[in-house]
Structure formats: C-alpha cells, structure tokens
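For the sequence shown, counting from 1, position 83 maps to 244 in the numbering used here; every step adds exactly one.
Ideal placement from N, C-alpha and C gives every residue a C-beta, glycine not left out.
Everything on this sheet refers to the single structure shown next.
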Amino acid sequence: MRISVIGTGYVGLVSGVCLAEIGHQAICVDVDQAKVDQINRGVPPIYENGLAPLLEKNIQSGMITATTDLENAILNTELSLVAVGTPFDGDSIDLSYIRAVCRQIGAVLKRKKDYHTVVIKSTVVPGTTDQVVVPELETASSKKAGIDFGVGMNPEFLREGEAVGDFMNPDRIVLGAIDETSLQRLEKLYAPFSEVDKIRTNTRTAEMIKYTANSLLATMISFSNEIANLCSALGGIDVVDVLKGVHLDRRLSPLLENGERIVPALTTYLEAGCGFGGSCFPKDVKALIAHGKQTGLPMQLLQAVIEINERQPDRIIGLIRKHFPSLEGIRVAVLGLAFKPGTDDMRESPAIPVVTRLLIEKAAVKAYDPVALNEARKLFGTKDIIYCDQLDDALENAQVIVILTRWSDFQDIPRHLQDLPSAPLVIDGRRMLEKSKITNYEGIGL
Ligand SMILES: NC(=O)c1ccc[n+]([C@@H]2O[C@H](COP(=O)([O-])OP(=O)(O)OC[C@H]3O[C@@H](n4cnc5c(N)ncnc54)[C@H](O)[C@@H]3O)[C@@H](O)[C@H]2O)c1
162 MRISVIGTGY VGLVSGVCLA EIGHQAICVD VDQAKVDQIN RGVPPIYENG LAPLLEKNIQ
222 SGMITATTDL ENAILNTELS LVAVGTPFDG DSIDLSYIRA VCRQIGAVLK RKKDYHTVVI
282 KSTVVPGTTD QVVVPELETA SSKKAGIDFG VGMNPEFLRE GEAVGDFMNP DRIVLGAIDE
342 TSLQRLEKLY APFSEVDKIR TNTRTAEMIK YTANSLLATM ISFSNEIANL CSALGGIDVV
402 DVLKGVHLDR RLSPLLENGE RIVPALTTYL EAGCGFGGSC FPKDVKALIA HGKQTGLPMQ
462 LLQAVIEINE RQPDRIIGLI RKHFPSLEGI RVAVLGLAFK PGTDDMRESP AIPVVTRLLI
522 EKAAVKAYDP VALNEARKLF GTKDIIYCDQ LDDALENAQV IVILTRWSDF QDIPRHLQDL
582 PSAPLVIDGR RMLEKSKITN YEGIGL
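This is the structure in structure tokens:
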C-alpha cells in the first residue's frame, strides 16, 4: 500500500520504518525540517534499539522517504496515519496538533478525487475521533466522513526502548473505523501480521482500550510503591521479598506441570521503585482523569495513582537525608537519567525531580546514563552537573550513588565499588541490586 505517516516522533517514525519494512511504500511527514533531513539521510533523530539499520535499509531501497510537504503526501497515498503529539496541558488533553493536522489534511481532501482514509494513531481520549477529528476533516474538506473519505483509529502499544521489536511482533492490533473501506484498508495494512489477535471495533472503543491498558500498568506500579512505602515505615520487611511472594501466585506466574514457571513481563510492573515516567503513563492517566471529571465521573483510583507517583522521587531524597541531613557539597553520582532503560527519552523521568532537588540543595552532582546524556544536557544545562561518559568516572569519589534507571550495566556496580577506597552510600531507586553485596545500602521499600 502507499501510506503516509504524519508526525515522525517515536511512534510515527517507528511505524513508518516498520511498515516500509513489511512492504508498504511510506512517506513520512513532519513540520520539523531538521528531522526530515536527518531521516532522509538514513539517520533516526531518536535513539531506539534496532531502528537505525532498518531506517537506513529502507531509505536506500526507496521504501520510505520523509518530507515537510503534507499535500503531496496525501495526494500520493491512500491512507494516512496521524501520529502527532497529544500532550496534557495541565487541565486536559491538548488536541491542538491533532486539530491542526486534520485541518491541513481536510484542505487537501477537498481537492483529492480518490477516496482517502485518515487513521488516528496518536493516543486520544474516547470520543476524539468522532467529535474532533471527523468535524475538523469535514469542515476543512466540505466533504462527508464515511462517504467521501474514511476515518479510522488504530492505537499504538509499542514500548519505548523496545519499539521496533514491539511493532514488528505485536501482541494485538486494534482496528477502529467508521466505514467499511477504512476497516478493509487497515486490514490490508496489517495483513502481514496474520497470526496476531485483532480487535475490530468502533473508534471510541479503540481509544478507550489504549487508556485502559496504560492506566492498569500505571496502577500496578503505584500499588507496588504504596506497599513499598508501608514496608519501609513498618520496618523489618523488604518489599522485594513481599512482591516476590505475590509474583509466585500461580495466577500471576503460572506453574507448568513440569514444575517450571512462566514469569510474565507483567510482574515487572509489580516492583517497587522511584516511580513511572515517560511520555505516556503520566500524561495518559492524567488525561483520562480529566476526561472522567468532564464527564461527571471522578476517577478516584487513578487520581491516587498519580499522587503516589508524584511523591515517589521524594523518597530518594529522604533516603539520602537519613545519612546526610544537609546535602550541601555532598558528592552524589546519579546513575540513570532516562525514564527507563533502552531509550534516551527523559520526558517525565523521575531523574528530573531528583536531580532538581539535589541541585537546589547544592549537592555536587555527577550524572551518568548510557544514552541520555545529551537529553540531560538540554534539560539541566551544563553549568551545575558534571556529565560522565563512563560509569567509573561518575563513581569516582562519590559519597552517594543513586540508581534511578534499571539499566542492566548497573548490575555490575558491586564489582565497581570493590575498587573504590571507601564505601559510598548506595540508594537503589529500582531495587535492582543484591543488597547483601553492598556495604551501605538503602532502597525503596526496605
Ligand atoms: N512515545 C511512545 O512510546 C508512545 C506509545 C504509544 C502511543 N504514543 C502516542 O503517540 C503520539 C505521538 O507520540 P510521540 O512520542 O511519537 O510524539 P513526538 O512528540 O515524539 O512526535 C510528534 C511529532 O509530530 C510532529 N508534528 C507536530 N505537528 C505536526 C504537523 N502539523 N504535521 C506534521 N508533523 C507534526 C512533531 O514535529 C514531532 O516530530 C502521542 O499521542 C502519544 O501519546 C506514544
């Protein structure tokens, strides 16, 4: 199929590249000329495992191109995936990018003779496709949705850090559409994934599935952190043992007849830590809460999920203070800045409030992350933090080591510490280290 992807961020670029890889001819559109140029040179503007070689290959073969020319992209394709940002503006979901794109597409549809399908891939609150996308497209095109052009909703479930793998090996595909032609086109788009479970539904249900999935995972994390904080307050209990005991319930980790266990990835959301971040969980849960409120249904459970999460980074500072009541001049190595391993994305990362607080309290901060240092420099500047390219440089002379991202390299920290002249305090914000291997150990939920 000839497709266009509007917005070449994490979702748009990964979708475009992967759809090109499975045989579609993709045109990626972005307003950001620098991004477009970079993509056309075969270099992804974001770090994502496996993306660079796949992009390079498909640029070279001509299966994917990037442009700022939306009109040309719409006129030369039969289906457009819209993957622009949908931030939370503090009160509700900000649909201004979606609206702007729909108006631009609508203006082109006014002149386009062939039937075109517009599919929303961005995460949008239930009702958006019906109540915002369709009216914007109809007004701008002076045409009727479902008759003159088609509309669909196809939420994306890829995880940053695993985005290419998730897209190429999906666990489900949700196809929402208002018209039969668009549903058929979506079926064709994903035809190579013939073995994957597909849900065919209306656009509102498709939208709601995405929010429900993210809200469940965020709830599991805040649940684990609330239990962790109680374990700490009670004393004599380690939340790692508690949650392990919970994971072993055969309803969570099924026991096979041969005695082996299936350990589902879901249990990784039932672990204590310094909280969730990223571009999706915080904003999606807040957007759903706001949407519920507007509908007259306060979302009390999800409100608590956010409140617990926002307080969790303070726990890290609290653990340092137990040992250093004043942080002024204390040499702190912050390990891990990305909101999770496998990505350089720092959006809503717990590292932001932790580092900010350390700087306010005048700690001497060194920071290390295998891939997110450039993002961190943009965010915190270069004046107050020493950025280290090597883990050992960050550890040198540190009085406190704070682990904020579960990068697998950090498993090796006990070995690195053996080489240091004195034993620093280690604050394990992800409970990923064996506490018995570290002399001065503190962790969430201990
Ligand atoms: N990041 C994820 O892991 C993830 C996962 C699933 C769903 N989502 C959802 O997908 C959507 C996109 O997220 P993202 O992280 O890829 O966003 P992003 O901010 O990384 O990318 C958005 C892109 O859209 C471009 N853009 C904005 N206005 C445009 C316009 N008028 N025309 C063309 N391009 C335009 C921007 O320049 C930017 O490159 C959001 O709704 C998000 O919630 C994200």
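Buried versus exposed, by CB contacts within 10 Å (16 or more), residue i
i, result
"residue 512", "buried"
"residue 242", "buried"
"residue 165", "buried"
"residue 424", "exposed"
"residue 267", "buried"
"residue 524", "buried"
"residue 238", "buried"
"residue 535", "exposed"
"residue 422", "exposed"
"residue 204", "exposed"
"residue 474", "buried"
"residue 452", "buried"
"residue 176", "buried"
"residue 603", "buried"
"residue 386", "buried"
"residue 426", "exposed"
"residue 394", "exposed"
"residue 409", "exposed"
"residue 197", "buried"
"residue 178", "buried"
Option in the options with minimal Cα separation from residue i
i, options, result
"residue 313", "376, 348, 324, 542", "348"
"residue 375", "417, 438, 408", "438"
"residue 322", "501, 559, 578", "501"
"residue 199", "596, 224, 228", "228"
"residue 367", "256, 344, 386, 162", "344"
"residue 244", "316, 270, 183, 201", "316"
"residue 219", "257, 485, 180, 288", "180"
"residue 608", "274, 459, 580, 329", "There is simply no residue 608 to check, as the chain begins at 162 and stops at 607 in what is shown."
"residue 489", "516, 461, 520, 578", "520"
"residue 257", "533, 282, 293, 233", "293"
"residue 370", "435, 391, 339, 288", "288"
"residue 477", "503, 434, 499, 498", "434"
"residue 282", "325, 197, 171, 230", "171"
"residue 498", "411, 486, 444, 516", "516"
"residue 444", "223, 201, 547, 510", "510"
"residue 355", "329, 364, 365", "329"
"residue 571", "583, 581, 594", "594"
"residue 436", "225, 169, 567", "567"
Length of the line joining the Cα atoms of residue i and residue j
i, j, result
"residue 505", "residue 207", "8 Å"
"residue 537", "residue 360", "39 Å"
"residue 260", "residue 167", "13 Å"
"residue 341", "residue 352", "16 Å"
"residue 428", "residue 606", "17 Å"
"residue 573", "residue 530", "14 Å"
"residue 320", "residue 209", "10 Å"
"residue 263", "residue 432", "41 Å"
"residue 183", "residue 545", "46 Å"
"residue 222", "residue 598", "51 Å"
"residue 558", "residue 579", "13 Å"
"residue 254", "residue 416", "42 Å"
"residue 575", "residue 527", "19 Å"
"residue 325", "residue 486", "45 Å"
message: Counting beta carbon pairs with one atom in the segment 555-570 and one in the segment 487-505, are three or more of them shorter than 8 Å?
response: Yes: at least three Cβ pairs fall under 8 Å.
query: Counting by C-beta, which residues lie closer than 6 Å to a heavy atom of ligand 1, in chain order?
result: Listed by position along the chain, the residues with Cβ atoms less than 6 Å from a non-hydrogen atom of ligand 1 are 167, 168, 169, 170, 171, 172, 173, 190, 191, 192, 193, 196, 244, 245, 246, 247, 258, 261, 262, 283, 284, 317, 319, 321, 440, 441.
message: Would you call the segment 210-217 in contact with the segment 245-258, where contact means no fewer than 3 C-beta pairs closer than 8 Å?
response: They do not touch, by the three-pair rule.
- prompt: Pairing CB atoms from the segment 463-472 with CB atoms from the segment 545-554, are three or more of them under 8 Å?
  reply: Segments in contact, no.
message: Within 8 Å, do at least three Cβ pairs link the segment 292-309 to the segment 322-333?
response: No, they do not touch.
Three or more C-beta pairs below 8 Å linking the segment 386-406 and the segment 538-548: Contact annotation: the segment 386-406 does not touch the segment 538-548, with fewer than three C-beta pairs closer than 8 Å.
query: When the Cβ atoms of the segment 182-199 are set against those of the segment 365-379, are three or more pairs found closer than 8 Å?
result: Taking 8 Å as the limit for Cβ pairs, the verdict is that the segment 365-379 does not touch the segment 182-199.
- prompt: Are the segment 379-391 and the segment 454-466 in contact at 8 Å, needing three or more beta carbon pairs?
  reply: Output reads yes: the segment 454-466 touches the segment 379-391.
- prompt: Between the segment 582-590 and the segment 477-490, do three or more beta carbon pairs fall short of 8 Å?
  reply: Contact between the segment 582-590 and the segment 477-490 is present, because at least three Cβ pairs lie under 8 Å.
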